[in-house]
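Chains as they are written, first to last, in this note's numbering: chain A, 2 to 387; chain B, 4 to 355.
Next comes the structure, spelled out in structure tokens:
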């Protein structure tokens, strides 16, 4: 039996490493292996690489280098931002109110859940049926004792982009730290932390063709924050642990390439995205697009299909040669609707049948055409089973 | 795939034979809090099965059928006890879950066959008819629980280890570098998760454990029983009454909540009635035929004359009396190596 060409349409889950990034990383595994904290020249070379990377990342986000902290992933960046700021705010001012949304990634959601067990009061902002947060709602929910606001930049499940700049302005006016999880956004949107009034911003390299296992957190100068991981004095004492030099170099290189090529890819993605949305909505009955129709990530398409088990659909797609994802996807096949789909008001008979298709640099219009061609029949078959 | 030796070796054999193999595991229902010990699908066995799939280089998916399993298999089990019979839920699981949900899902994915690690064989006859044969390993033969299958099922089913002895399957597992541990050969039901079925019944159908009178055939009260579900027909130990001669559970009178006991001579019967018949062959057998009959999974096969009635029942006349004919259990019919099919025992004795 011929080996089937597999088509990867799950770029929001992770991306392959860009070869240019790989090449940039290679010298720092063996040739320049020094510890950036060491006094000698081996250390100095490594330190130089880390500081260059910091400058690159800062430039890409319109921040200054001292405002960038390297971490092990986007999740760690979220953890540091939320815990670090919450602890500092409580210690300095006794502020214990945290404002966030019900459409956050688990990295934020589960962290605030734990903070709530530790005496913080968590309040969830309302979202509309596209999963979007209204800046005015943020304004009306802010309190004197609000320690932190955290709103996802662009949602991983349904692609909706939040009005981050407006929310940032609302928080800035009250001098309340504003964090945004930009793990998905960084791969596709031009980010400007100054213009968007962002105080803390999380990214992870593997979402933009960098390596897994490295992330960064932008922390605006003057933001109250404490370390979560303690030890050595790395990263201005905010993130102890020997620097992962090749991965930090990789993150910076990947982010720079992403920023340079963003306009070109975005145009391609938008065209394919809209073809896909129209093709599927027209050809499959009982289907809804989830998330905002326009204010969404250019490479991101997500649907719900009524009366369909999303996990079974993913399996059928995988067997047919297409790797996709679903809001409720989980390897144990557990049919539970995702918090995000529930938060935007979808009833269970819709929310269980979710599908996320995310495009990447190697995606072609031919792939999208073929995918749109096979999907209706796969869904018809799966629906006939239940 | 369960992560155990049988299904793992079955998958390995198919990969070696050049099939494109997709691994699937069923997630079955467990009572809240006992998921860790469900014999079929603990997180451990799931991890094991996943590892086997990775070793073999095949994709692996888990299919969640918990709700359906509860609605069909567990419901059947509870309903049986409520009606005073001793049900065999594994047979229902094979019909509704394995060769139901799983079979349909596999076919919808475009699979030609559903393959399992059962010890049974198939053979295609001269006119394209598929026969179900006992597994080569007589000790391990599982054709009994497969007696619910149809021609369509057999046409699209493979039993790769049916031609092997268990010891050989273990050798193969070592050769393929697969886990060699098998699930304990327990008679326990997977969803009891090692717990005892009486406490399970207490939680789910407390009315089946209502105490009542123990009587003899003449209606004389000999003592008190703890609830009819505690007892099985043919049982001698643990009845809890003292008599001069040993007594056995002869019957249960659900309506009056009576446990009927008597001497050994009254226990046996050489005939019984069977309902819900399934014939595996293309056509029904003759109105009357001789076959070997198993009245439990592990019971010996006994020669009998089977007569089919107008109303789709079968009357089974054994050559000698059997002591443990148990309503609710499955009777399975054999001619030589061939499993003809089976049905549910509804009545012991001549009277319907």
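Built from N, CA and C at the ideal position, the CB exists for glycine as well.
Where residue i meets chain B, residues with beta-carbon distance less than 7 Å
i: residue 386 of chain A; result: 107, 108, 111
i: residue 382 of chain A; result: 111
Nearest neighbour of residue i, chosen from the options [CA to CA]
i: residue 182 of chain B; options: B:335, B:262, B:54; result: B:54
i: residue 133 of chain B; options: B:143, B:145, B:142, B:152; result: B:152
i: residue 338 of chain B; options: B:319, B:18, B:306; result: B:306
i: residue 340 of chain B; options: B:145, B:4, B:111; result: B:145
i: residue 117 of chain B; options: B:130, B:164, B:231, B:101; result: B:101
i: residue 252 of chain A; options: A:184, A:268, A:287; result: A:184
i: residue 208 of chain A; options: A:231, A:66, A:295, A:361; result: A:361
i: residue 214 of chain B; options: B:269, B:94, B:260; result: B:260
i: residue 201 of chain A; options: A:229, A:150, A:231; result: A:150
i: residue 265 of chain A; options: A:315, A:189, A:240, A:100; result: A:189
i: residue 141 of chain A; options: A:270, A:91, A:100; result: A:100
i: residue 354 of chain B; options: B:297, B:279, B:273, B:313; result: B:273
i: residue 8 of chain A; options: A:384, A:368, A:374; result: A:368
i: residue 275 of chain A; options: A:108, A:56, A:293; result: A:293
i: residue 217 of chain B; options: B:56, B:200, B:254, B:192; result: B:254
i: residue 379 of chain A; options: A:322, A:326, A:317; result: A:317
i: residue 88 of chain A; options: A:374, A:32, A:117, A:349; result: A:117
i: residue 17 of chain A; options: A:199, A:241, A:237, A:364; result: A:364
i: residue 291 of chain B; options: B:108, B:31, B:241, B:319; result: B:319
i: residue 64 of chain B; options: B:27, B:221, B:36, B:154; result: B:27
i: residue 91 of chain B; options: B:59, B:352, B:333, B:344; result: B:333
i: residue 37 of chain B; options: B:162, B:203, B:242, B:311; result: B:203
i: residue 19 of chain B; options: B:309, B:210, B:179; result: B:179
i: residue 227 of chain B; options: B:221, B:45, B:242, B:298; result: B:242
i: residue 266 of chain B; options: B:108, B:326, B:87, B:98; result: B:326
i: residue 314 of chain A; options: A:15, A:383, A:290, A:337; result: A:383
i: residue 198 of chain A; options: A:179, A:30, A:47, A:311; result: A:179
CB-CB length for residue i against residue j, believed under 8 Å
i: residue 257 of chain A; j: residue 74 of chain A; result: That belief does not hold up - the Cβ atoms of residue 257 of chain A and residue 74 of chain A are roughly 19 Å apart, past 8 Å.
i: residue 156 of chain A; j: residue 341 of chain A; result: 7 Å
i: residue 342 of chain B; j: residue 135 of chain B; result: 4 Å
i: residue 208 of chain B; j: residue 85 of chain B; result: 5 Å
i: residue 229 of chain A; j: residue 81 of chain A; result: 5 Å
i: residue 296 of chain B; j: residue 304 of chain B; result: 7 Å
i: residue 212 of chain B; j: residue 225 of chain B; result: Between residue 225 of chain B and residue 212 of chain B the Cβ distance is about 20 Å, and since that is not below 8 Å, they are no contact.
i: residue 128 of chain A; j: residue 102 of chain A; result: 6 Å
Interface partners of residue i on chain A, CB under 9 Å
i: residue 64 of chain B; result: 312, 313, 315, 316, 319, 320, 332, 334
i: residue 130 of chain B; result: None at all; the shortest Cβ gap to chain A is about 30 Å.
i: residue 327 of chain B; result: Per Cβ cutoff of 9 Å: no residues; residue 327 of chain B is ~39 Å from chain A at best.
i: residue 144 of chain B; result: Residues of chain A passing the Cβ test: none, with the nearest at roughly 31 Å.
i: residue 180 of chain B; result: Ordered by position in chain A, no residue passes the 9 Å Cβ test against residue 180 of chain B, which lies about 23 Å from the chain.
Residue i: contacting residues in chain A (beta-carbon distance under 7 Å)
i: residue 25 of chain B; result: 320
i: residue 47 of chain B; result: Going along chain A, no residue has its Cβ under 7 Å from residue 47 of chain B, so there is no contact; the nearest lies around 13 Å.
i: residue 74 of chain B; result: Simply none; closest approach about 13 Å.
i: residue 199 of chain B; result: Here the premise fails: no neighbours, minimum Cβ distance about 27 Å.
i: residue 140 of chain B; result: Near residue 140 of chain B there are no residues of chain A at all, since even the closest Cβ is about 31 Å away, more than 7 Å.
Contact list for residue i against chain B, beta-carbon separation under 9 Å
i: residue 307 of chain A; result: Neighbours of residue 307 of chain A on chain B: none; closest Cβ ~18 Å, over 9 Å.
Cross-chain neighbours of residue i in chain A, by beta carbon under 8 Å
i: residue 256 of chain B; result: The premise fails here: residue 256 of chain B is roughly 41 Å from chain A at the closest Cβ pair, so nothing lies under 8 Å.
Just checking, does the region 158 to 175 of chain B make contact with the region 6 to 13 of chain B on the three C-beta pairs under 8 Å criterion?
yes
Name, going along the chain, the residues of the region 146 to 164 of chain B whose beta-carbon falls closer than 8 Å to a beta-carbon of chain D.
Annotation note: the requested chain D is absent from the structure, which comprises protein chains A and B.
Would you say the region 188 to 200 of chain A touches the region 231 to 246 of chain A, given that touching needs at least three Cβ pairs under 8 Å?
no
Just list the beta strand (DSSP E) runs in the region 120 to 163 of chain A, keeping only unbroken ones of 3 residues or longer that don't cross its boundaries, in chain order.
122 to 125, 147 to 151
Within 8 Å, do at least three Cβ pairs link the region 297 to 306 of chain A to the region 349 to 357 of chain A?
yes
If we count Cβ pairs, one from each stretch, closer than 8 Å, do we get three or more for the region 274 to 292 of chain B versus the region 246 to 263 of chain B?
no
Taking 8 Å as the cut-off, does the region 211 to 222 of chain A touch the region 153 to 173 of chain A (at least 3 CB pairs, one atom from each stretch)?
no
Below 8 Å, can you find three or more Cβ-Cβ pairs linking the region 102 to 117 of chain B to the region 225 to 235 of chain B?
no
For the region 129 to 136 of chain A against the region 156 to 166 of chain A, do three or more pairs of beta-carbon atoms, one drawn from each stretch, fall closer than 8 Å, so that the two count as touching?
yes
Just to confirm the assignment: which complete alpha helix (DSSP H) runs, minimum length 4, are found wholly within the region 169 to 244 of chain B?
169 to 178, 200 to 207
Between the region 46 to 66 of chain A and the region 89 to 104 of chain A, do three or more beta carbon pairs fall short of 8 Å?
no
Determine contact between the region 344 to 354 of chain A and the region 19 to 37 of chain A, defined as no fewer than three beta-carbon pairs at a distance below 8 Å.
no
So does the region 67 to 76 of chain B actually touch the region 281 to 291 of chain A, counting three or more Cβ pairs closer than 8 Å?
no
Taking only runs that begin and end inside the region 20 to 97 of chain A, name each unbroken alpha helix (DSSP H) of 4 or more residues, in chain order.
20 to 26, 42 to 62, 75 to 94
May I have a chain-ordered list of the beta strand (DSSP E) segments no shorter than 3 residues that lie completely inside the region 56 to 103 of chain B?
63 to 67
Segments assigned alpha helix (DSSP H), at least 4 residues, entirely inside the region 251 to 315 of chain B
267 to 270
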